Every structure is written in structure tokens, then in C-alpha cells.
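Residue numbers (this note's numbering): -15 to 225.
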């Protein structure tokens, strides 16, 4: 539901654009801007997040002059929910070093910090795995490389970037189930966190972002073309039945 004129900014009453080039704890290489160069409606009902090579010499990142710009949008100030169905229809980008994500963080991030707030990664892809997406939870005692999750692979090695796909979680007090195009591929429950705290019992907010580089995807290489686009048809949330 990203209706509006081509080139216009996403609805600020729903989405906040984060800015900065901190690397986000992962040594990412992009600077997140609030410019329509990096996040804009396409006039056809989609939000397009665009990662570009940076041309602004005044943008500085954690590792020096920024190499890339992109966008990261969240609903921390505008929408949070505990439990329910969270779904987005997305056409992801492609290329080594490209890292799109649709995910959530606990609304107590400011007080509990990460990973105490909890993180639910509904969909992450790293460009070196074009046919694979990952669904993961991070919490106290199981974060970063110790996150708990699974991968989903498209049949016949087909790249996700070729088409739109629907990514979702169904989240209830008893657990979280991930799906791609309506096919469930994993469920995580409090029994899976090995005696650590199950922190998925309070409202979370939604994040859409397109990172470039970082510890997991690695850096872009000569074969990575820019700009790269992550096209989002809709984000739908419904309450738990």
C-alpha cells in the first residue's frame, strides 16, 4: 500500500527514515539518507529503496568517506504490535554485497538495548545466495552469529530477485512461524532458546532496509552493479486471530 505520485516520499505518518553511516554494528558500507533518491514511491503502488554509489564528498561513514547511499525505514514512532501476521511483498535486489531485509525490533530497544529487546528477522538475503532467504530470531544469549533460524531456498535455484515474493511471520504467545509465498518453513518456540529468555512477548516495530556490505554479505565486487533496488508492494499487519 505505497500509493502516491512517482518520486514522492513515503508516508511520514507511517514511516520514519533513519539516517547515518555508523555501519550498524556490522561494518556496513552505506550511508542511510532521508532523500527520495534512496526511498521513493514509484507511482505504481510500490516503495522503492535504492542503493547507489555515493557522489557526495561530504558524507562520512565509520570507515571514512561513504562509498554508498541507501535507505532504512522504521515504524518505531508510528506503529508497534504484539502478535499477529506480519507480511510484505517484495522484489529484492541482486549482487555480491547486497543485503535487503524486512524485520522487527522490540519497542523497548531504548531501555533494554539489543539484543535484550528481541529481533525478528522476517526476511534477509545476502547477494551471494541469490536463491536463499533467512528467517532468524535474536535475543539475550542467542544473537549475531548465534541467532536461531533457518533458510528457505527457491526451487531449481531460481533467484529471488527475478520476481516479487511474499515474506511473512505468524507470531503468537506459543511461537513464531515463517513463510515464503504461503509456504511455512520453520517455527520457533520458547523451547528453542536453550533456557535463555524468550523476549517475544511485547510490541515490536517494523523495519525495511537495504544495506551494502557488512560482515555477513561481504563487500560488493566488480560484478555488483549500481543502483540496486528493493521494491516493496505492500506491508500488511493483522491482529492475532
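For each residue, glycine too, the CB sits at the ideal point set by N, CA and C.
Computed from a prediction, not measured in an experiment: that's the story for all the values here.
Exercise. Are there 16 or more other CB atoms within 10 angstroms of the CB of residue -3, so buried, or fewer, so exposed?
Worked result: Result: exposed.
Problem set entry | DSSP-derived helix/strand/coil call for residue 138 | Three-state DSSP puts residue 138 in coil, outside helix and strand.
Exercise. Using 8 Å as the threshold, is the stretch 218 to 225 in touch with the stretch 76 to 84, meaning 3 or more CB pairs across them?
Worked result: Look at the beta carbons and you see the stretch 218 to 225 not touching the stretch 76 to 84: under three pairs across the two are nearer than 8 Å.
For this session: Compare the Cα-Cα distances from residue 56 to each of 67, 69, 32 and report the closest residue.
Result: Of the residues 67, 69, 32, the one whose Cα lies closest to the Cα of residue 56 is 32.
Exercise. What are the uninterrupted segments assigned as beta strand (DSSP E) that are 3 or more residues long and contained completely in the stretch 153 to 218, given in chain order?
Worked result: Those beta strand (DSSP E) runs which fall completely within the stretch 153 to 218 and span 3+ residues are 159 to 164, 167 to 172, 188 to 196.
Problem set entry | Per DSSP, the bridge partner or partners of residue 126 | Secondary-structure assignment with DSSP links residue 126 through a beta bridge to 123.
Exercise. Since residue -3 is in the beta strand (DSSP E), which residue starts that stretch and which ends it?
Worked result: Residue -3 -> no beta strand (DSSP E), and no H or E assigned at all.
For this session: With a threshold of 16 other CB atoms inside 10 Å of the CB of residue 14, please say whether the residue is buried or exposed.
Result: Looking at its Cβ environment, which holds 16 or more other Cβ atoms inside 10 Å, residue 14 is buried.
Exercise. By Cβ distance below 8 Å, which residues in the same chain neighbour residue 20 in space, the five residues on each side in sequence not counted?
Worked result: Within the same chain, residue 20 has close Cβ partners -9, -8, -7.
Exercise. Taking Cβ positions, are residue 124 and residue 180 nearer each other than 8 Å?
Worked result: Yes; because the gap between Cβ atoms is below 8 Å, this pair is in contact.
Problem set entry | residue 41 versus residue 50 - alpha carbon distance | Distance between the alpha carbons of residue 41 and residue 50: 8 Å.
Exercise. Distance, Cα to Cα, residue 184 vs residue 67?
Worked result: Taking the straight line from one Cα to the other gives about 8 Å.
For this session: Compare the C-beta of residue 31 with all C-beta atoms of chain C and state if any pair is closer than 8 Å.
Result: Any reference to chain C falls outside this structure, which holds one protein chain only.
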